[in-house]
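Numbering (the working numbering), first residue to last: 1 to 156.
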Amino acid sequence: MIQGVFTAIITPFYKNLEINYSLIEELIKYQEKNGISGLVPCGTNGEYPSLTVEEAKKVIKTVVNVKKNLTIIAGVGRASLKETIELAKFSDGVSDAIMIGAPFYFKPVSESGLYQFFSRVLESIKCPSFLYNIPRFTGISITVELIKKLSKFNNL
């Protein structure tokens, strides 16, 4: 069971907009030293909409390789189902769990459309998964009814 206090870490950038991976390493070590249970890379604080899929993979891999005793929940949210599945499959092999955000670009999205989106992602992986409900930024709210329908998936 995944539990404890998690930090949604930032993705630091240099002025030229390249990712500062050495600072990510420092952030991980600082969090570990101060008793955090786990990290969430590539969430909202990690600026996931600003990252390419390849950059997100490298950030997640960096976090996983540097951490010692932390649980990692990788943010895999994208506007594209194809990219979300690609990132989810990648993270399924390296992180402890994933966090799936709603597809934030196309609106309005019906509950049926959201069900299809989340179902396709959940079917593509085996690792534990969390739904990331942040309607203030996505403009989409994940309802209790939708969560009930998706609860048939053992990895949610």
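All residues carry an ideal CB built from backbone N, CA and C; glycine is no exception. On a predicted model such as this, the values are computed, not experimentally measured, just so you know.
Measure the Cβ-Cβ separation of residue i and residue j and say whether it is below 8 Å.
i, j, result
"Phe104", "Ile147", "no"
"Gly77", "Thr84", "yes"
"Thr7", "Gly46", "no"
"Tyr132", "Gly101", "yes"
"Leu81", "Tyr115", "no"
"Lys57", "Phe90", "yes"
"Ile9", "Leu27", "yes"
Excluding the five sequence neighbours on either side, which residues of its own chain have a C-beta within less than 6 Å of the C-beta of residue i, listed in chain order?
i, result
"Ile73", "Val40, Ala97, Met99"
"Glu111", "Leu146"
"Pro135", "Ser141"
"Tyr187", "Given a span of 1 to 156 for the chain in the structure shown, any question on residue 187 remains unanswerable."
Ignore the nearest five residues each way along the sequence and tell me which others in residue i's own chain have a CB closer than 7 Å to its CB.
i, result
"Asn155", "Leu122, Ile125, Lys126, Cys127, Pro128, Ser129"
"Val5", "Ile36, Ser37"
Spatial neighbours of residue i within its chain, please: CB distance less than 8 Å, with the 5 preceding and 5 following residues excluded, ordered by chain position.
i, result
"Lys29", "Val66"
"Val53", "Arg78, Glu83, Glu86, Leu87"
Decide if residue i is buried, meaning its Cβ has at least 16 other Cβ atoms within 10 Å, or exposed.
i, result
"Phe106", "exposed"
"Leu87", "buried"
"Tyr48", "buried"
- [ ] Answer yes if the stretch 94–101 comes into contact with the stretch 53–72, meaning at least three C-beta pairs across the two stretches below 8 Å, and no otherwise.
- [x] yes
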